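Reviewing the structure listed below.
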Amino acid sequence: MKLVNKLIIIYREYIKRAFVTIMLMFICVISFYMTDRTWNTYMKNRCETEIKRKAYSISPYNINKIKFSTRSVHAEQSDMLEGLASIEEISAYGLIIKNDVQFDNGYVNVVISDSDIADMCNTGVSRADIEQKQAEWEGYDLVWIGSSYKGVYEIGQRCQTMASECVVVGFLKDDAQWLVNETITLEKPDLSESGLVVTKDTSKYDWGESLEYTTPVYYVADYKDNDVIKSKLMDYQAEKGIRASIINEGEQLDKDVKDDLITNDKTFIASVLLYVIAIVAISAVTIIECLINRRDYAIFIINGISRKAVYSMILIKNLILIIVSALAAWLYCQWETFGKIIVQTAGEYGNELNYTAKIMAHCIYVPIIIAAEAVIMTVISCIVPVVYLHGKGLIDLMKK
3 MKLVNKLIII
13 YREYIKRAFV
23 TIMLMFICVI
33 SFYMTDRTWN
43 TYMKNRCETE
53 IKRKAYSISP
63 YNINKIKFST
73 RSVHAEQSDM
83 LEGLASIEEI
93 SAYGLIIKND
103 VQFDNGYVNV
113 VISDSDIADM
123 CNTGVSRADI
133 EQKQAEWEGY
143 DLVWIGSSYK
153 GVYEIGQRCQ
163 TMASECVVVG
173 FLKDDAQWLV
183 NETITLEKPD
193 LSESGLVVTK
203 DTSKYDWGES
213 LEYTTPVYYV
223 ADYKDNDVIK
233 SKLMDYQAEK
243 GIRASIINEG
253 EQLDKDVKDD
263 LITNDKTFIA
273 SVLLYVIAIV
283 AISAVTIIEC
293 LINRRDYAIF
303 IINGISRKAV
313 YSMILIKNLI
323 LIIVSALAAW
333 LYCQWETFGK
343 IIVQTAGEYG
353 NELNYTAKIM
363 AHCIYVPIII
373 AAEAVIMTVI
383 SCIVPVVYLH
393 GKGLIDLMKK
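Under my numbering, the first residue of the sequence shown carries the number 3, and numbering increases by one thereafter.
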């Protein structure tokens with residue numbers, strides 16, 4: 003039997019039982035909608051965490067952030083920096099600040115880092131590169147700008163920040179990234195349209211005191227010494243009256259993954275139950291229709307239509323209903339998530355870590371999950387009817 007003829011018969015079946023078809027589609031749409039919302043939230047959070055994890059060039063477990071209280075004063079930061087200098091297990095420490103570098107024809111958003119910790123992120127700039135350029139350009143703060151600025155700015159070109167003279171000493175690699183925190187918010191999750199300023203003195207860029215905000219301090223140390231260092235710092239904080247918490251970057255990423263587990267989402271159970279209900283509903287209706295139409299199927303077989311063709315009609319009928327429902331649910335969720343159906347990975351929607359994670363989740367991973375669910379739903383809903391028909395002879399099918 004030709005596919006066109008099968009589709010005509012299937013269409014007539016839909017029309018004959020329009021109410022049942024609409025109800026089944028409604029159930030499936032709700033099921034796929036819940037699946038979409040649940041998995042989109044989970045995958046977005048996972049994608050966001052993985053993007054953050056790729057920002058480090060060394061183990062994130064070796065990187066620690068000292069976050070000060072909202073009531074802390076700038077002097078507490080100064081005391082903490084002195085305390086870090088006295089702990090031998092700490093190999094590097096310093097501040098990270100966001101600012102702009104001014105050129106004659108515009109400005110570039112940059113991350114400003116102490117030279118001691120500037121190589122801890124995935125920029126392609128090593129400690130040896132920093133030391134070499136500092137010796138070559140003594141008296142200047144060093145600027146590595148994003149790869150998108152190749153041909154716009156040149157190595158050796160002078161630029162300026164609010165605090166000092168800088169010089170462009172190179173370009174960052176194409177996939178360069180920097181860690182994200184409450185003070186570092188770039189237009190894109192990578193540094194392709196930003197830059198990195200390396201300085202021996204970040205205090206001249208730190209406006210924390212005037213803004214009544216205490217910039218976090220980062221330090222690098224072997225993870226095996228983590229507990230020892232924390233103990234020393236806690237004693238030092240108590241002595242100096244410093245109000246701050248210590249956050250290990252690797253442990254924080256693990257905590258984010260654990261907190262965002264899909265099993266922690268209450269809607270996950272609801273989405274699973276709705277999915278099971280949808281499968282049961284389609285399977286039940288398919289079985290009932292199979293019993294009602296068994297004489298028609300027998301007539302098809304008597305007139306030379308193979309059993310496989312009959313089975314394929316049942317499969318196609320369910321597949322169309324499920325695919326249309328899944329597509330409708332996904333398109334609605336796409337509009338609900340982004341405000342439009344077709345989104346871009348750059349420009350309007352490529353300007354934040356959150357949006358990039360959303361695009362990866364809803365435009366890549368969620369469709370794969372929904373497609374897998376649709377296949378499983380189709381197969382399960384067709385198994386019993388096909389097994390029933392396969393076990394019946396023509397005489398059995400013709401009986402009233």
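Even glycine gets a Cβ: it sits at the ideal position worked out from N, Cα and C.
Here the structure is a predicted model, which means the values were calculated and not measured.
| request: Indicate the three-state DSSP secondary structure (helix, strand or coil) for residue 329 in the structure shown. | output: As a first step, residue 329 is located in the sequence shown; it is residue number 327 there, counting from the start. Looking at residue 329 - three-state DSSP - the assignment turns out to be helix.
| Got a sec, what are the start and stop residues for the beta strand (DSSP E) residue 146 sits in? | Translated into positions along the sequence shown, residue 146 becomes position 144. From DSSP, the beta strand (DSSP E) with residue 146 extends over 143 to 147.
| query | Which of the three DSSP states, helix, strand or coil, is assigned to residue 346? | reply | Taking the first residue of the sequence shown as 1, we reach residue 346 at position 344. Three-state DSSP puts residue 346 in coil, outside helix and strand.
| task | Measure from the alpha carbon of residue 266 to the alpha carbon of each residue in 303, 40, 9, then state which is nearest. | result | By 1-based counting over the sequence shown, the position of residue 266 is 264. It is 40 whose Cα lies nearest to the Cα of residue 266.
| task | Pull up the DSSP beta-bridge partners for residue 198, would you. | result | For the purposes of this step, residue 198 is taken as the residue at position 196 of the sequence shown. BP columns for residue 198 point to 113, 146.
| field | Secondary structure of residue 95, DSSP reduced to three states | value | For the purposes of this step, residue 95 is identified with residue 93 of the sequence shown, where counting begins at 1. Strand, per DSSP.
| query | For residue 358, which of 22, 24, 52 has the nearest alpha-carbon? | reply | As a first step, residue 358 must be located in the sequence shown, where it is residue number 356. It is 52 whose Cα lies nearest to the Cα of residue 358.
| request: Mind listing, in chain order, the continuous beta strand (DSSP E) runs of no fewer than 3 residues lying wholly within the stretch 235 to 301? | output: 246 to 250
| field | Closest Cα partner of residue 314 within the set 280, 325, 388 | value | By one-based count along the sequence shown, residue 314 stands at place 312. Of the candidates 280, 325, 388, the one whose C-alpha sits nearest the C-alpha of residue 314 is 388.
| task | Counting only runs of 3+ residues fully inside the stretch 44 to 79, write out the beta strand (DSSP E) ranges in chain order. | result | 65 to 70
| task | Buried or exposed for residue 385, please, with buried defined as at least 16 other CB atoms from any protein chain shown within 10 angstroms of its CB. | result | Counting from one through the sequence shown, the residue named residue 385 turns up at place 383. It counts as exposed.
| field | residue 85 (DSSP reduced to helix, strand or coil) | value | Position 83 of the sequence shown, counted from the start, is the residue given in the question as residue 85. Helix.
| query | Since residue 363 is in the alpha helix (DSSP H), which residue starts that stretch and which ends it? | reply | As a working note, residue 363 is residue 361 in the sequence shown. It is not in any alpha helix (DSSP H) - residue 363 carries neither H nor E in the DSSP assignment.
| For residue 120 versus residue 127, is the C-beta distance shorter than 8 Å? | Position 118 of the sequence shown, counted from the start, is the residue given in the question as residue 120. Position 125 of the sequence shown, counted from the start, is the residue given in the question as residue 127. Contact flag set, yes.
| task | Starting from the C-beta of residue 262, find all residues in its chain whose C-beta is less than 6 Å away, skip the five residues before and the five after it, and write them out in chain order. | result | The count along the sequence shown starts at 1 and reaches residue 262 at position 260. Closer than 6 Å at Cβ, skipping near neighbours: 47.
| request: Report back the beta-carbon spacing between residue 207 and residue 114 to the nearest angstrom; my notes put them in contact at under 8 Å. | output: Working through the sequence shown from its first residue, we reach residue 207 at position 205. Working through the sequence shown from its first residue, we reach residue 114 at position 112. Indeed they touch by this definition, with Cβ atoms about 5 Å apart.
| When burial is assigned at 16 or more other CB atoms within 10 Å of the CB, is residue 336 buried or exposed? | Taking the first residue of the sequence shown as position 1, residue 336 is located at position 334. By the 10 Å Cβ count, residue 336 comes out buried.
| query | Which residues mark the beginning and the end of the beta strand (DSSP E) in which residue 19 is found? | reply | Counting from one through the sequence shown, the residue named residue 19 turns up at place 17. Unbroken run through residue 19: none, as it is neither H nor E.
| query | How would you label residue 349, buried or exposed, when you count the other beta carbons within 10 angstroms and need 16 or more for buried? | reply | Numbered from its first residue, the sequence shown carries residue 349 at position 347. Any reading at residue 349 needs caution, since the residue's pLDDT is 47, under 50, leaving its predicted position unreliable; the model's value is listed next. Flag for residue 349 reads exposed.
| field | Other residues of its chain near residue 29: CB distance less than 6 Å, five sequence neighbours each side excluded | value | Against the sequence shown, residue 29 aligns to sequence position 27. Around residue 29: 280, 283.
| Would DSSP call residue 154 helix, strand or coil? | Numbered from 1 along the sequence shown, position 152 holds the residue referred to as residue 154. Residue 154: coil per DSSP, three-state reduction.
| Which two residues bound the contiguous alpha helix (DSSP H) that contains residue 179? | Here residue 179 is taken as the residue at index 177 of the sequence shown, counted from 1. Element bounds for residue 179: n/a, residue is neither H nor E.
| field | For residue 223, the three-state DSSP class (helix, strand or coil) | value | Residue mapping note: residue 223 aligns to position 221 of the sequence shown, counting from 1. Three-state DSSP puts residue 223 in a strand.
| said: If the criterion is Cβ atoms closer than 8 Å, does the pair residue 248 and residue 235 meet it? | reply: Working through the sequence shown from its first residue, we reach residue 248 at position 246. Working through the sequence shown from its first residue, we reach residue 235 at position 233. Taking 8 Å as the Cβ cut-off, residue 248 and residue 235 qualify as a contacting pair.
| query | Nearest to residue 35 by CA position, among 276, 341, 340, 361, is which residue? | reply | Within the sequence shown, the letter at position 33 stands for residue 35. With distances taken between Cα atoms, residue 35 lies closest to 276.
| From residue 287 to residue 22, what does the alpha carbon distance come to, in whole angstroms? | Sequence index remark: in the sequence shown, residue 287 carries index 285 (1-based). Sequence index remark: in the sequence shown, residue 22 carries index 20 (1-based). Cα-Cα distance, rounded: 8 Å.
| For residue 124, which of helix, strand or coil comes out of DSSP? | Taking the first residue of the sequence shown as 1, we reach residue 124 at position 122. Looking at residue 124 - three-state DSSP - the assignment turns out to be coil, as it is neither helix nor strand.
| said: The alpha helix (DSSP H) that contains residue 138, what's its start and end? | reply: Counted from its first residue, the sequence shown places residue 138 at position 136. Counting along the chain, the alpha helix (DSSP H) containing residue 138 begins and ends at 129 to 138.
| message | Which of the three DSSP states is assigned to residue 101 in this structure? | response | Here residue 101 refers to the residue found at position 99 when the sequence shown is read from its first residue. Residue state, collapsed to three classes: strand.
| said: If contacts are defined as beta-carbon pairs under 8 Å, then residue 1 and residue 80 qualify, I think. What distance do you get, rounded to the angstrom? | reply: Here the chain has residues from 3 to 402 only, and residue 1 is not among them.
| query | From the DSSP output, which residues share a beta bridge with residue 6? | reply | In the sequence shown, counting from the first residue as 1, residue 6 sits at position 4. None; residue 6 has no bridge partner.
| Can you tell which of 328, 381, 383, 343 has the C-alpha that lies nearest to the C-alpha of residue 32? | For the purposes of this step, residue 32 is taken as the residue at position 30 of the sequence shown. Considering only alpha carbons, the answer is 328.
| What is the rounded straight-line gap between the Cα of residue 59 and the Cα of residue 231? | Locating residue 59 in the sequence shown gives position 57, counting from the first residue. Locating residue 231 in the sequence shown gives position 229, counting from the first residue. Distance between the alpha carbons of residue 59 and residue 231: 22 Å.
| Ordered along the chain, which non-local residues of its own chain (more than five positions away) have a Cβ less than 7 Å from that of residue 382? | Taking the first residue of the sequence shown as 1, we reach residue 382 at position 380. For residue 382, where only same-chain residues beyond five positions count, the Cβ hits under 7 Å are 281, 285.
| field | Simplified DSSP state of residue 203, which is helix, strand or coil | value | On the sequence shown, residue 203 is found 201 positions in, with the first residue counted as 1. Residue 203: coil per DSSP, three-state reduction.
| query | Rounded to a whole number of angstroms, what is the C-alpha to C-alpha distance between residue 311 and residue 356? | reply | Stepping through the sequence shown from its first residue, residue 311 is reached at position 309. Stepping through the sequence shown from its first residue, residue 356 is reached at position 354. Whole-angstrom Cα-Cα distance: 48 Å.
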